[in-house]
Amino acid sequence: MAKKHLVIDPITRIEGHLRIEAIIDENNVVTDAYASSTMFRGIEEILRGRDPRDCGLLAMRICGVCTGTHYQRSIEAVEHAFGVTIPKNARLVRNLMQGALYVHDHVVHFYHLHALDWVDITEALKADPKKAVAEATKWASVSGQLPFNASESVYKQVQDRVTKYVKQGRLGIFGNAYWGSKGFKLTPEQNLIGLSHYLDALEIQREIGKMMAIFGGKNPHPQSLVVGGVTCVQDIKNPARIAKFKQILKLARKFCKEAYLPDVYMAGTMYADEALEGIGGGLGNYMCYGDFNLDDLPFYDSKKLFPSGIVKNRDLTKVYELDQTKITEDVTHAWYEGSTNLHPFDGETKPNYTGFGKKENNIAYLDTKNKYSWIKSPLYNDERMEVGPLARMIVGVAKGDERITKYVTTFLKNGNLPTKVLFSTVGRTAGRAIESEMMADIMMEWCDELAANVANGDLSTWTEFDFDKVSVDTQGYGMAEAPRGSLGHWVKIKDGKVVNYQAVVPSTWNAAPRDYKGRLGAYESSLIGTKVANADQPLEILRTVHSFDPCIACAVHIIDAKGKELGVYKIDPTGGCRA
Amino acid sequence: MVDSQDMVKKVFTQKSARIDTNKGENYYNNLFEKAKQRLSTLKKQAPLKDIDMVDVIETEGINRRDFMKWVSGTTATLMLPPMFEPLVAEATELMNRVPVVWIELQDCAGNSEALLRSASPTVDDLLFDVLSLEFHETLQAAAGHDADRQLEDAVEHFKGQYLLFVEGAIPMANNGMYGTIGASGETFHEHLMRMSKDAAAVIAVGTCATFGGIPAAAPNPTGAVGVMDLVKGKPLINIPACPANPANMVGVILHYILTGQVPELDSLLRPKFAFGYRIHDNCERRAHFDAGEFVEEFGDDGAKNNWCLYKVGCKGPMTFNNCSIIRYNEGTNWPVGVGRGCIGCSEPDFWDKYAYQRPMAGANIKAPTGGVEKTVDEFGLGLLTATAVGIGVHAVASAVAGKKSEHNEEE
Chain E
40 MAKKHLVIDP ITRIEGHLRI EAIIDENNVV TDAYASSTMF RGIEEILRGR DPRDCGLLAM
100 RICGVCTGTH YQRSIEAVEH AFGVTIPKNA RLVRNLMQGA LYVHDHVVHF YHLHALDWVD
160 ITEALKADPK KAVAEATKWA SVSGQLPFNA SESVYKQVQD RVTKYVKQGR LGIFGNAYWG
220 SKGFKLTPEQ NLIGLSHYLD ALEIQREIGK MMAIFGGKNP HPQSLVVGGV TCVQDIKNPA
280 RIAKFKQILK LARKFCKEAY LPDVYMAGTM YADEALEGIG GGLGNYMCYG DFNLDDLPFY
340 DSKKLFPSGI VKNRDLTKVY ELDQTKITED VTHAWYEGST NLHPFDGETK PNYTGFGKKE
400 NNIAYLDTKN KYSWIKSPLY NDERMEVGPL ARMIVGVAKG DERITKYVTT FLKNGNLPTK
460 VLFSTVGRTA GRAIESEMMA DIMMEWCDEL AANVANGDLS TWTEFDFDKV SVDTQGYGMA
520 EAPRGSLGHW VKIKDGKVVN YQAVVPSTWN AAPRDYKGRL GAYESSLIGT KVANADQPLE
580 ILRTVHSFDP CIACAVHIID AKGKELGVYK IDPTGGCRA
Chain A
476 MVDSQDMVKK VFTQKSARID TNKGENYYNN LFEKAKQRLS TLKKQAPLKD IDMVDVIETE
536 GINRRDFMKW VSGTTATLML PPMFEPLVAE ATELMNRVPV VWIELQDCAG NSEALLRSAS
596 PTVDDLLFDV LSLEFHETLQ AAAGHDADRQ LEDAVEHFKG QYLLFVEGAI PMANNGMYGT
656 IGASGETFHE HLMRMSKDAA AVIAVGTCAT FGGIPAAAPN PTGAVGVMDL VKGKPLINIP
716 ACPANPANMV GVILHYILTG QVPELDSLLR PKFAFGYRIH DNCERRAHFD AGEFVEEFGD
776 DGAKNNWCLY KVGCKGPMTF NNCSIIRYNE GTNWPVGVGR GCIGCSEPDF WDKYAYQRPM
836 AGANIKAPTG GVEKTVDEFG LGLLTATAVG IGVHAVASAV AGKKSEHNEE E
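Chains as they are written, first to last, in this note's numbering: chain E, 40 to 618; chain A, 476 to 886.
This is how it looks when you write it as structure tokens:
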């Protein structure tokens with residue numbers, strides 16, 4: 040039997056537009072894989088020439104999912120350039136908003152974007168609700184918890200509701216999925232637990248959205264961050280607002296401990312063979328920029344919740360210090376001109392769309408020998424890296440961070456799992472769950488810290504600066520972490536205007552195409568060796584790609600660093616220029 | 476939730492809010508008759524989902540009284556007189572008769588995320604019981620060819636019946652190469668045209684789909700445009716804002732079910748029930764504007780006392796939207812609430828027209844001295860009427876010029 044060429048476009052349950060092409064051999068094992076983004080907006084180009092104080096609101100629109108993260112990175116890049124250190128209240132508010140975003144993002148990702156790769160909804164309808172209670176109790180007890188739902192009647196209600204939905208003939212958003220695939224391994228009761236938590240999580244995420252709105256005004260796209268601090272004075276002044284934040288946080292934390300982690304134990308155990316084989320492990324190089332300032336020292340001096348660093352070849356005994364000057368981007372296989380490999384401050388790129396390769400039977404195939412994606416290939420010290428929650432956990436452990444090590448080792452010990460399971464699709468999913476629990480725990484402390492600071496009479500939320508002086512000729516970067524991984528915004532400013540802006544985002548690192556040496560990106564690499572049960576239902580490919588939580592609109596952008604050309608620069612080719 | 480519905484009703488029925496769409500008794504009587512006929516036709520149609528909405532509403536822990544309260548608030552939100560309440564209730568129960576196809580183009584998924592935060596009805600009700608959501612890339616289980624088939628099947632099966640929700644702008648430069656979708660590599664433009672062909676109505680959600688939004692901001696590297704620049708000869712509704720408020724998405728669907736028509740629209744095709752008045756007209760900091768009390772710098776004493784944000788860049792006086800009333804995330808907060816001020820995100824080209832930390836130059840807005848509560852409403856009314864006239868005049872001028880109409884905040 041010959042090899043087969045699979046084309047999956049659209050990859051759904053992600054943010055943005057992603058296409059995966061995979062070659063599978065006669066045993067249905069993936070031998071080659073290509074990741075491509077098919078949408079481009081050019082937001083960095085749009086930022087050029089603008090007032091640096093306005094960048095945050097615009098840069099935030101890079102993504103509506105990890106919405107507040109780009110906002111904060113952009114504001115921080117300008118603050119770094121201006122040398123402004125924000126007050127304690129502002130730091131805590133930002134930490135709380137970002138923390139809420141992490142928990143929100145991970146919960147939505149696991150249940151609404153990823154769960155349907157693990158959970159077969161049609162099987163859930165065959166479950167015995169009573170047995171489901173016992174099953175849920177079993178998995179919650181792994182970490183000494185009671186289950187989020189221990190009521191037979193609730194499981195019955197969920198079943199009734201979805202049965203009714205299924206019986207009407209049209210499945211809506213659940214239609215045409217890979218139901219019944221041999222790739223699904225959970226029992227009917229386990230599937231019912233997953234389905235039930237899918238519905239619970241819809242409500243939980245709506246509540247967590249309110250946490251971000253309390254200090255941010257709205258979610259998505261909050262509005263309270265400004266260069267120098269935050270604006271939400273009345274919301275930190277009012278103890279009832281912090282109390283409300285904390286009340287929702289408690290619910291979110293309960294859900295993480297009683298549903299999310301137990302479900303990951305459940306899925307991890309049922310898919311343990313794959314995890315132990317390292318299916319979906321990919322590159323094995325992990326990077327973290329570091330994030331969440333724990334004190335009020337100036338930029339990049341303060342202690343972090345997530346320490347920065349690099350781990351290579353899955354070797355937890357060695358960790359390399361991060362040096363931002365070693366980051367470059369390569370465009371050999373991306374739809375941009377040239378094959379430059381330059382640092383974000385010096386990068387230079389222009390769109391050069393060369394389209395698809397051959398077309399057959401109304402299917403267009405990527406021209407994989409040449410250019411095939413709008414995403415560039417970032418490199419760290421000329422090596423490919425994976426970023427994300429798992430990378431944060433791995434770097435944290437390798438660096439000997441006490442808090443992270445405690446959460447990771449407790450997870451592994453409770454689940455009776457060896458460390459190597461982390462280097463897999465299951466491990467990537469577990470890393471996100473571990474991080475959610477840790478984040479929810481520490482946010483309780485930050486809430487108290489904020490309340491105490493305000494109660495002591497500190498209402499300062501903004502640091503004054505002289506814009507005309509600090510914006511003459513400067514540059515800075517906001518390098519930290521987003522829920523999906525390492526995120527950096529680099530900005531150059533001259534005479535109060537942005538002359539160059541560049542963002543290298545988590546999904547650029549992970550979803551990138553091959554580089555100039557032909558080395559694979561993180562998605563591509565993670566798919567090699569994956570066996571699909573049924574070539575017409577590439578469920579296993581979706582599961583691994585989804586384990587990265589793809590965020591493709593974020594990943595696609597354009598850079599241009601020829602600051603001196605401002606004013607004469609014209610995007611080539613142009614379209615509808617107004618300025 | 477129910478309490479916030481009371482609040483919504485109160486604000487929507489006050490004089491300043493009501494005036495713009497009050498068409499007089501004849502208008503509403505005619506609309507009422509039309510809606511009644513429409514609902515009885517819909518009722519005869521086989522439901523797309525065999526679910527009794529009355530059951531759903533009751534089993535979901537909402538009793539009839541709370542439901543009617545919600546209905547009453549929603550009727551007010553839609554700027555309809557109270558006599559429409561029974562029809563709105565009926566329309567809610569018939570929402571599952573209307574199939575929805577949601578496509579994403581040059582977007583950030585912010586509007587999809589906003590829909591996920593919908594509070595009334597809640598998102599699980601929307602997904603499972605209320606909407607017949609046939610296609611939604613961010614939420615649906617199927618991928619690749621199976622997703623394509625699902626979409627084609629929905630469009631074929633519900634030919635002429637479905638509402639097409641579009642999120643994201645459309646890149647037109649270089650033959651649309653900046654966005655392709657599906658195995659065949661169809662451009663976003665081709666995709667939009669194919670999907671809208673048999674739609675009953677097209678609803679552009681969020682500022683990218685309505686006016687081009689951020690990708691269309693200068694220098695518009697990809698030649699991005701909004702849906703209304705491309706889709707012609709179809710009922711088209713714009714629900715701008717970044718992201719659009721889910722309450723307005725639900726409102727539009729309800730109105731469509733109620734009347735079979737698009738709601739009354741302004742010259743920018745925005746439903747007047749949501750965009751018929753300015754942020755400024757119902758702002759909680761309005762009294763400070765009238766009293767001349769302004770935040771001068773973030774974090775100053777004015778900021779600590781919740782004074783007006785106009786001088787730190789609030790665009791509330793030039794922005795039409797109902798955020799100051801319904802707010803976000805189940806009424807939790809809104810931008811003016813967190814002391815940042817409105818950025819004007821429901822207005823065309825706002826990224827290029829406005830700076831966000833400075834007031835509009837020459838906006839020519841002066842606070843009346845010694846404002847008291849009574850004049851707050853009257854003042855808002857005056858502004859609104861003047862602007863409404865401005866919009867009309869400008870729309871005619873734009874139509875003559877043959878370009879996208881946009882009102883000018885100076886008028």
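Positions of the beta carbon are idealized from the N, C-alpha and C atoms, including for glycine.
A quick note: this is a predicted structure, and the numbers were derived from the prediction, not measured.
Local conformation of residue i per DSSP, three classes
i	result
A490(E)	helix
V537(E)	strand
Q615(A)	coil
C798(A)	helix
F633(A)	coil
T583(E)	helix
E376(E)	coil
C593(E)	helix
I253(E)	helix
P574(A)	strand
H382(E)	coil
P168(E)	helix
Residue burial classification, residue i (beta-carbon count within 10 angstroms, cutoff 16)
i	result
E484(E)	exposed
S347(E)	buried
S547(A)	buried
L336(E)	exposed
S546(E)	buried
V68(E)	exposed
L57(E)	buried
P301(E)	buried
M670(A)	buried
Closer than 7 Å to chain E by CB, residue i
i	result
C758(A)	no
M652(A)	yes
A749(A)	no
F773(A)	yes
A766(A)	no
D673(A)	no
Proximity test, Cβ basis, 7 Å: residue i and chain C
i	result
S821(A)	Although the question refers to chain C, the structure presented lacks it and instead comprises the protein chains E and A.
Residues that residue i contacts on chain E, provided the C-beta gap is smaller than 8 Å
i	result
I818(A)	L96 and Q262
Q625(A)	G214 and N215
CB contact below 7 Å: residue i versus chain A
i	result
I473(E)	no
P658(E)	Nothing can be reported for residue 658(E): it is not among the residues displayed for chain E, which extend from 40 to 618.
C105(E)	no
C295(E)	no
C327(E)	no
Contacts of residue i in chain A (Cβ-Cβ under 9 Å)
i	result
A619(E)	For chain E, the structure presents residues 40 to 618; residue 619(E) sits outside this window and is missing.
Proximal residues of chain A, C-beta to C-beta of residue i below 7 Å
i	result
A252(E)	Y803, N804, T807 and N808
H153(E)	Neighbours of H153(E) on chain A: none; closest Cβ ~11 Å, over 7 Å.
L300(E)	Ordered by position in chain A, no residue passes the 7 Å Cβ test against L300(E), which lies about 22 Å from the chain.
Chain E residues whose Cβ lies nearer than 7 Å to that of residue i
i	result
E612(A)	P49 and T51
Cross-chain neighbours of residue i in chain A, by beta carbon under 8 Å
i	result
A592(E)	D582, C583 and A584
H44(E)	Going along chain A, no residue has its Cβ under 8 Å from H44(E), so there is no contact; the nearest lies around 11 Å.
Where residue i meets chain E, residues with beta-carbon distance less than 9 Å
i	result
N781(A)	V272 and Q273
field: Chain-ordered residues of the region 476-500 of chain E with a beta carbon less than 8 Å from chain A
entry: Taken in chain order, the members of the region 476-500 of chain E whose beta-carbon sits within less than 8 Å of a beta-carbon on chain A are L498, S499 and T500.
* To do: Compile a chain-ordered list of the residues in the region 643-667 of chain A whose CB is closer than 7 Å to at least one CB of chain E.
  => Cβ contacts with chain E: M647, A648, N649, M652, Y653, G654, T655, I656, G657, A658, S659 and G660.
Residues from the region 75-86 of chain E in contact with chain A, defined by Cβ distance under 7 Å: Within the region 75-86 of chain E, the residues whose Cβ lies closer than 7 Å to any Cβ of chain A are, in chain order, T77, M78, F79, R80, G81, I82, E84 and I85.
message = Output needed in chain order: residues of the region 786-805 of chain A with a Cβ under 9 Å from some Cβ in chain E.
response = If the cut-off is 9 Å between Cβ atoms, the region 786-805 of chain A has V787, C798, R802, Y803, N804 and E805 near chain E.
Item to complete: Residues of the region 174-204 of chain E with a CB closer than 7 Å to any CB of chain A: list them in chain order, please.
Response: Per Cβ criterion, the list reads R200, K203 and Y204.
### Query
At a Cβ cut of 9 Å, what residues of the region 583-607 of chain A count as close to chain E, listed as they run along the chain?
Per Cβ criterion, the list reads C583, A584, G585, N586, S587, E588, A589, L591, R592, S593, A594, T597, V598, D599, L602, F603, D604, L606 and S607.
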